[in-house]
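First up is the structure itself, then whatever we jot down about it.
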Amino acid sequence: MDTSKDMLIGLVAIVLGSIFTITFIAIESETGIIGLIALSGAAVVLASRTGISERISNAFSSNESMMNSAVLVAVLVIIFWFREDHFSLLMIATVMLYLTACLGLNIQLGYTGVVNFSGAAFFGIGCYTAAVLNQNTGLSPLIVLVIGGIMAALIGSILILPMLRTRGHYAAVVTIAFAILFKTFLEVNDTLGGAQGLKVPGMEILGWDFNSNIEIGDEIELSFYLNYVAIALVLSVLAFILMRRVERSWIGLNLDAVRLDETVAACFGISIKRWKVTAFTMGNFLIGMSGAVFAMMLGFIAPSNFAFSDSLMLLSIVLLGGMGSPWGTVVAAGLVILLPEKLQVIQEYRFLLFAVVVILILVFKPQGLLPRGLRAYIPGWRG
Amino acid sequence: MTKGHDKVLAFRGLTKRFGGVVALDHFDMEVDEGQIMGLIGPNGSGKTTSFNVLTGIYEATGGTIEFLGQDITNWTAQKVCEAGVARTFQRSRLCVELSIFDNIMIGNHQNLNHGLMYNIFQRKALKRDLQESFEQAKELMAIFNPPLAGRMMEPVRNFGMIDRRRIEICRALISHPRLLLLDEPSAGMTEDETRQLMDDILVVRDKIKGLSIILVEHEMGMIERVTDRCVVLNFGQKICEGAYREVASDKLVQEAYLGVE
Ligand SMILES: Nc1ncnc2c1ncn2[C@@H]1O[C@H](COP(=O)(O)OP(=O)(O)O)[C@@H](O)[C@H]1O
Ligand SMILES: [Mg+2]
Numbered sequence: 001m002d003t004s005k006d007m008l009i010g011l012v013a014i015v016l017g018s019i020f021t022i023t024f025i026a027i028e029s030e031t032g033i034i035g036l037i038a039l040s041g042a043a044v045v046l047a048s049r050t051g052i053s054e055r056i057s058n059a060f061s062s063n064e065s066m067m068n069s070a071v072l073v074a075v076l077v078i079i080f081w082f083r084e085d086h087f088s089l090l091m092i093a094t095v096m097l098y099l100t101a102c103l104g105l106n107i108q109l110g111y112t113g114v115v116n117f118s119g120a121a122f123f124g125i126g127c128y129t130a131a132v133l134n135q136n137t138g139l140s141p142l143i144v145l146v147i148g149g150i151m152a153a154l155i156g157s158i159l160i161l162p163m164l165r166t167r168g169h170y171a172a173v174v175t176i177a178f179a180i181l182f183k184t185f186l187e188v189n190d191t192l193g194g195a196q197g198l199k200v201p202g203m204e205i206l207g208w209d210f211n212s213n214i215e216i217g218d219e220i221e222l223s224f225y226l227n228y229v230a231i232a233l234v235l236s237v238l239a240f241i242l243m244r245r246v247e248r249s250w251i252g253l254n255l256d257a258v259r260l261d262e263t264v265a266a267c268f269g270i271s272i273k274r275w276k277v278t279a280f281t282m283g284n285f286l287i288g289m290s291g292a293v294f295a296m297m298l299g300f301i302a303p304s305n306f307a308f309s310d311s312l313m314l315l316s317i318v319l320l321g322g323m324g325s326p327w328g329t330v331v332a333a334g335l336v337i338l339l340p341e342k343l344q345v346i347q348e349y350r351f352l353l354f355a356v357v358v359i360l361i362l363v364f365k366p367q368g369l370l371p372r373g374l375r376a377y378i379p380g381w382r383g
Numbered sequence: 001m002t003k004g005h006d007k008v009l010a011f012r013g014l015t016k017r018f019g020g021v022v023a024l025d026h027f028d029m030e031v032d033e034g035q036i037m038g039l040i041g042p043n044g045s046g047k048t049t050s051f052n053v054l055t056g057i058y059e060a061t062g063g064t065i066e067f068l069g070q071d072i073t074n075w076t077a078q079k080v081c082e083a084g085v086a087r088t089f090q091r092s093r094l095c096v097e098l099s100i101f102d103n104i105m106i107g108n109h110q111n112l113n114h115g116l117m118y119n120i121f122q123r124k125a126l127k128r129d130l131q132e133s134f135e136q137a138k139e140l141m142a143i144f145n146p147p148l149a150g151r152m153m154e155p156v157r158n159f160g161m162i163d164r165r166r167i168e169i170c171r172a173l174i175s176h177p178r179l180l181l182l183d184e185p186s187a188g189m190t191e192d193e194t195r196q197l198m199d200d201i202l203v204v205r206d207k208i209k210g211l212s213i214i215l216v217e218h219e220m221g222m223i224e225r226v227t228d229r230c231v232v233l234n235f236g237q238k239i240c241e242g243a244y245r246e247v248a249s250d251k252l253v254q255e256a257y258l259g260v261e
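Top to bottom, those sequences are chains A and B.
Going letter by letter, the first sequence gives residues 1 to 383 in the numbering used here.
Going letter by letter, the second sequence gives residues 1 to 261 in the numbering used here.
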């Protein structure tokens, strides 16, 4: 009885959330944006004070598949709303691709405790793989994006070797070194376009050109970005499901054990190496795949897209959303990508702003915006 | 051979040095099947170190460890665990953010299927597996504290010291080890809790036939009541061995405990 009421509240929240998102993306005036942010902030505070946010989370835990489907429908509505608007669709697809990458990063950091300061570099590996393959081969873009993921995973598995031999923060230093090395390598490598970067031919699957607008009859012309939004949506949903299933399995338990206490984990037969490698590889695969799609969507990439500060931005999404919390990552990816796009004032100072946000989060709400709950294994399972 | 006299564990000349500190000095000890061995000695005498060397956390500087007839000296922690040694830690080391069930399942690692395909795609089989493991963990927990068995999905941080010890012991026992190492289980407990814990250990001995236990403990009442034999360490050296009564009346032991030179 109470659950059905919670579900209703949850569904209303999803509807309000979609209206908010549409307004947020559509609105042009900066004062309007600031007003919206103030409004949503007030709504969140109010919801947590009145216990509404708890009821929303109840709705998600008691009837997960239905609530998840409702969110998916809401996302489809938002996409449909902007069907003719290039710029908005580009933003939406960008959010989804960064979301996919950050879900991968969250498997590494949130579950396993492997700090990866070279997220943008692995994203870049996916981008450059797509650029080179699309220029030189006729491979199907779907294969290209998988190869983008594999390349990132492979290079990651070389990087993990020195990381396994060091403990704690030294492993993080290895990834910082790699992030800087990667960008410098691209800048001096002429076959990869040097500092100027590379053009990336768009996607084409079975004669369907992703880079032409979709015409239906004479009246309707849909933005070609809709193609990329579709593929980004599929990727992010798959990544979300993967992260969820990893958590809700014996593998997720192993990852938690490795993060929380390596000595105890080893004493009960858990291989620290195996699970760090698994999480790192899985995460980098997701990051590389999203990079490949990103490159094909933008049509042009340069080393400056893959700076150390971009890696920090990816990590700040994970921290802001909450370690090990897939929904948190969804919300945080939206905030961190969209806010600077909408508020030009921030644009210039965005890295400074992210740094401040990360510090505030670590001090005041270390579990993030939407903290991860206990492992449920199966939705609604109570033993 | 009669039961109870098969040798499970043997340290032979086991030595561990940390730089200049000799934490274990040619330590010899044997533990029989089904026996509860008390390991006592003043602070810093090497008790925890012997557990750490045995379980592969530290490498031995010298000597050998034989377990079930196999030389396991300097095996990795993982392999020692698979061979059948499980332990608790001096400072309780549970993952307090995880549920009781999760913590116990960490101990059950070697009996679970960790395949990538299995865990991510075969969710139905995993669910059955989960249900089975849950019943098993619950049953074990119920032996120690039935109310805890009804709260398996609560985070460990909700529970007090004695319950955490019990969870830790369940985590060690779930994989059916042949040898259980308990490192000062009564540390930080009230007298009453210590008594309950003593009963728990006796329950373990009665319920699990053939399990050998090494108990490190400062609480002499517990050693007296629970152990079959005792070994006394001082500065890494074994200074005495025997039944508790013999050991307690030994002059060297009394000196070690009183700090007399
Ligand atoms: N990791 C370590 N590094 C250096 N010295 C250690 C280490 N672990 C233990 N020791 C030393 O070894 C000796 C024995 O310690 P320990 O085994 O913990 O004693 P007990 O458990 O009997 O109180 C002590 O002198 C201690 O300082
Ligand atoms: Mg000790």
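We treat Cβ as the ideally placed atom computed from N, Cα and C, and that holds for glycine.
Please read all numbers here as calculations on a predicted model, not as lab measurements.
| Check | Outcome |
| --- | --- |
| Taking DSSP's pairing of strands, which residues face A:D261 in a bridge? | Answer by DSSP bridge pairing: none, since A:D261 is not bridged. |
| Taking CB distances under 8 Å as the criterion, tell me whether B:K124 reaches chain A. | no |
| Please list the partners that A:A266 has in chain B, where partner means a Cβ-to-Cβ separation under 7 Å. | A77, Q78 |
| Taking Cβ positions, are A:G104 and A:G126 nearer each other than 8 Å? | no |
| Let me know if A:S309 comes out buried or exposed under the rule of 16 or more other beta-carbons within 10 Å of its beta-carbon. | exposed |
| What is the C-beta distance between A:I420 and A:L343, in whole angstroms, given that I count them as a contact (C-beta under 8 Å)? | The displayed coordinates of chain A run from 1 to 383. Any statement about residue 420 of chain A would go beyond what the structure contains. |
| Is DSSP giving B:D6 helix, strand or coil here? | coil |
| Taking Cβ positions, are A:L186 and A:L89 nearer each other than 8 Å? | no |
| Got a sec: is the Cβ-Cβ distance from B:N113 to anything in chain A below 8 Å? | yes |
| For the beta strand (DSSP E) that contains B:G242, what are its first and last residues? | 237-242 |
| Which residues in the same chain as A:F82 place their Cβ atom closer than 6 Å to its Cβ, once the five residues preceding and following it in sequence are excluded? | S88, L89 |
| What is the DSSP secondary structure of B:A86, counted as helix, strand or coil? | strand |
| Please state whether the Cβ-Cβ distance between A:A295 and A:A130 is less than 8 Å. | yes |
| Short of 6 Å in beta carbon distance, which residues of its chain neighbour A:V336, apart from the five on each side in sequence? Order them along the chain. | I317 |
| Taking only the alpha-carbon atoms, compute the straight-line gap between A:V146 and A:G252 and give it to the nearest angstrom. | 24 Å |
| Could you give the DSSP three-state label for B:E261: helix, strand or coil? | For B:E261, the predicted structure reports a pLDDT of 48, less than 50, and the residue's modelled location is therefore unreliable. The matter cannot be settled from this model. |
| Rounded to whole angstroms, how far is the Cβ of A:W249 from the Cβ of B:N119, which I believe are closer than 8 Å? | In the sequence under discussion, the amino acid at residue 249 of chain A is Ser, which differs from the Trp named in the question. Right, their Cβ atoms sit about 4 Å apart. |
| Would you tell me roughly how many angstroms separate the C-alpha atoms of B:I36 and B:C230, rounded to the nearest one? | 9 Å |
| List, in chain order, every chain A residue whose beta-carbon is nearer than 7 Å to that of B:M105. | L253 |
| Report the neighbours of A:S375 on chain B: residues whose CB is nearer than 8 Å to its CB, in chain order. | Ser is not the amino acid found at residue 375 of chain A; the sequence shown has Arg there. Per Cβ cutoff of 8 Å: L98, S99, D102. |
| Rounded to whole angstroms, what's the CA-CA distance from B:G160 to B:D102? Just pull it up for me. | 17 Å |
| For A:I214, list the residues DSSP reports as bridge partners. | A:L222 |
| Any chance you could list the alpha helix (DSSP H) runs of at least 4 consecutive residues sitting entirely within the segment 49-126 of chain A, in chain order? | 52-62, 64-81, 86-106 |
| Considering just the uninterrupted stretch of the alpha helix (DSSP H) at B:A149, what are its terminal residues? | 146-149 |
| In angstroms with no decimal places, state the Cα-to-Cα distance between B:L126 and A:M91. | 39 Å |
| Mind listing which residues of the segment 137-148 of chain A have their C-beta closer than 9 Å to chain B's C-betas, in chain order? | none |
| With a 10 Å radius around its C-beta and 16 neighbouring C-beta atoms as the bar for buried, classify B:P177 as buried or exposed. | buried |
| So B:G236 and B:E33 are in contact, right, with Cβ under 8 Å, and what is the actual spacing, rounded? | Between B:E33 and B:G236 the Cβ distance is about 27 Å, and since that is not below 8 Å, they are no contact. |
| B:T55: which of B:V21, B:L179, B:D28, B:P185 sits nearest, CA to CA? | B:L179 |
| Kindly give me the distance between the Cβ atoms of B:Q92 and B:R151, rounded to whole angstroms, as I take these residues to be in contact under 8 Å. | Looking at the sequence itself, residue 92 of chain B is Ser, so the reference to Gln does not match. Not a contact, Cβ separation roughly 18 Å. |
| Would the segment 60-78 of chain B and the segment 245-255 of chain B be scored as touching if the rule is three or more Cβ pairs under 8 Å? | no |
| Using 8 Å as the threshold, is the C-beta distance between B:I174 and B:I104 below it? | yes |
| Is there a C-beta anywhere in chain A that falls below 8 Å from the one on B:R275? | Chain B is shown only over 1 to 261; residue 275 of chain B falls outside these bounds and no answer can be derived. |
| Given this structure, state the Cα-to-Cα distance separating A:S290 from A:T278, to the nearest angstrom. | 19 Å |
| Does the CB of B:T2 have a neighbour CB from chain A at under 8 Å? | Low local confidence applies: a pLDDT of 46 at B:T2 is under 50, so the model's placement there is unreliable, with the coordinate-based value given in what follows. By this cut-off, B:T2 is not an interface position. |
| Does the contact criterion of 3 or more C-beta pairs under 8 Å hold for the segment 160-174 of chain A versus the segment 267-286 of chain A? | yes |
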